[in-house]
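Presented below is the structure to which this report refers.
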Amino acid sequence: MQFKVLRGDTILKILLATAALFIIGLVVALAAELFLGSASSIHSFGPSFLIGTQWRSSQNVFGALPFIYGTLLTSAIAIVIGFPISLGVAIFISEKLKGHQTFGYGLGIIVDLLAAVPSVIYGLWGVFILIPLLRDYVETPLHNSLGFIPLFSGNPFGYDFFTSGVLLAIMVIPTMSAVTRDVLSVVPNSQREAMYSLGATDWEVTQKSVLPYARSGIFGGFILGLGRAFGETMAVTMVIGNIPNITTNLFSAGATLSSLIANNFGESTGIYQSAIIEIGLILFFVALLVNGLARFMLWRMTSGARGRA
Numbered sequence: 004m005q006f007k008v009l010r011g012d013t014i015l016k017i018l019l020a021t022a023a024l025f026i027i028g029l030v031v032a033l034a035a036e037l038f039l040g041s042a043s044s045i046h047s048f049g050p051s052f053l054i055g056t057q058w059r060s061s062q063n064v065f066g067a068l069p070f071i072y073g074t075l076l077t078s079a080i081a082i083v084i085g086f087p088i089s090l091g092v093a094i095f096i097s098e099k100l101k102g103h104q105t106f107g108y109g110l111g112i113i114v115d116l117l118a119a120v121p122s123v124i125y126g127l128w129g130v131f132i133l134i135p136l137l138r139d140y141v142e143t144p145l146h147n148s149l150g151f152i153p154l155f156s157g158n159p160f161g162y163d164f165f166t167s168g169v170l171l172a173i174m175v176i177p178t179m180s181a182v183t184r185d186v187l188s189v190v191p192n193s194q195r196e197a198m199y200s201l202g203a204t205d206w207e208v209t210q211k212s213v214l215p216y217a218r219s220g221i222f223g224g225f226i227l228g229l230g231r232a233f234g235e236t237m238a239v240t241m242v243i244g245n246i247p248n249i250t251t252n253l254f255s256a257g258a259t260l261s262s263l264i265a266n267n268f269g270e271s272t273g274i275y276q277s278a279i280i281e282i283g284l285i286l287f288f289v290a291l292l293v294n295g296l297a298r299f300m301l302w303r304m305t306s307g308a309r310g311r312a
């Protein structure tokens, strides 16, 4: 009997190790394929490809910096807008609707369904609804009242960084709020009861007991939202304007790494195709870098909490 238990443990270890190695091998294979496909571009342009600001395929002039900038800017706008809202939605469902489980459960289902809507649907909604709405009722008033600030100095057009960031925020809110809601729901009630016994209000219980206990999981939801914002393609492509641009003006058209690939890969050949594949390689490493930094911050947070405990 003891031999069978050990044999089962050995088989389980082999299966788990194989699964882990498969994931590592998949990442390595993706990086290798992208590197081989972009070898001609890397050899021809070198480091200048990363810092170049011009993209003229007819003249074989390629610079990725405007697309890197657009990706980082739209993702930052999405997180700045989306994270507080998603956290509020999660707190409302998990903390305020505990006595109304039916309504809370139904609202949670709606949030989960929003996360499953295809990005092209969000893109169509952005073109026909969000762009006119933001242009007329948000961007124009901001430009009229705060146009002296570089962020709002451009003429509102609708197809711009700001609209793309807002649309991304709408897309990542369901993902972040769903994860955060699940994390908050597993916080032990003893945490809340201990605070209530000391005379704490609902907000003090949430702020000083529930959120600190669940902050690692909340940060995990933040990482998932950031990952979706980074890699989103179709919706952003439909509303950003697709013009390589580096500017502090949020009302200016721009482009992202993923939108460039979606718009141009199908018609590219030769060195042009190699340059676009290098754009994919950059997107791959930028996503790995951002997620790696986020994981490092999460490790610092959790290790600090254990140290204080």
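With our numbering applied, the sequence shown has no gaps in its numbers, which climb one by one up to 312 at the end.
Each residue gets a CB set at the ideal place from its N, CA and C atoms; glycine is no exception.
Closest option to F254, judged by alpha-carbon separation, among S193, I134, K16: I134.
N252 is a Cβ neighbour of G157, given a cutoff of 8 angstroms. In the pairwise beta carbon analysis, the region 268–285 is classified as not touching the region 186–199: fewer than three pairs are separated by under 8 angstroms. Secondary structure of V293 (DSSP, three-state): helix. Pairing L68 with G55 gives a Cβ-Cβ distance under 8 angstroms.
The DSSP-derived three-state label of G257 is strand. Secondary structure at V239: helix, using DSSP grouped into helix, strand and coil. Restricting attention to alpha helix (DSSP H) runs no shorter than 4 residues, the region 18–44 encloses none. Residue environment analysis places P159 among the buried positions, since at least 16 neighbouring C-beta atoms fall within 10 angstroms of its C-beta.
Contact between the region 231–240 and the region 140–150 is absent: fewer than 3 CB-CB pairs across the two stretches fall below 8 angstroms. G111 is the residue among H103, A81, G111, I84 whose C-alpha sits nearest the C-alpha of A93. From the listed residues I26, G228, I27, S180, the smallest Cα separation to V114 is found for S180. Just so you know, the alpha carbons of P177 and L15 end up roughly 35 angstroms apart.
Taking the C-beta atoms as reference points, S41 is found no nearer than 8 angstroms to I249. The beta-carbon distance between G73 and G257, rounded to whole angstroms, is 4 angstroms. This is short enough to meet the 8 angstroms contact definition. In the DSSP assignment, Q57 falls outside any alpha helix (DSSP H), carrying neither H nor E. A straight-line Cα-Cα distance of about 26 angstroms links I26 and P121. If you ignore the 5 residues before and after A172, its C-beta comes within less than 6 angstroms of the C-beta of A81, I84, G85, all in its own chain and listed in chain order.
Excluding its 5 nearest sequence neighbours in each direction, F70 has C-beta neighbours in its own chain below 7 angstroms: P247, A258, T259, L260, L263, I282, listed in chain order. V64 carries a strand assignment under DSSP once its states are collapsed to helix, strand and coil. DSSP places G91 in the helix class (H, G or I) of the three-state scheme. In this structure I221 touches T183 by the C-beta definition: roughly 5 angstroms separates them, less than 8 angstroms.
G244 has G257 as its beta-bridge partners, per DSSP.
Annotated three-state conformation of G161 is coil, per DSSP.
Out of A217, A35, F52, L75, the CA that lies nearest to the CA of A232 is found in L75. DSSP places V123 in the uninterrupted alpha helix (DSSP H) bounded by 122–128.
The DSSP-derived three-state label of F225 is helix.
In this structure I132 is exposed. Its beta-carbon is surrounded by fewer than 16 other beta-carbon atoms within 10 angstroms. One alpha carbon belongs to Y199, the other to T77, and they sit about 41 angstroms apart.
The C-beta distance from W58 to F48 rounds to 12 angstroms, too long to meet the 8 angstroms contact threshold.
A distance of 8 angstroms or more separates the beta carbons of S188 and S43.
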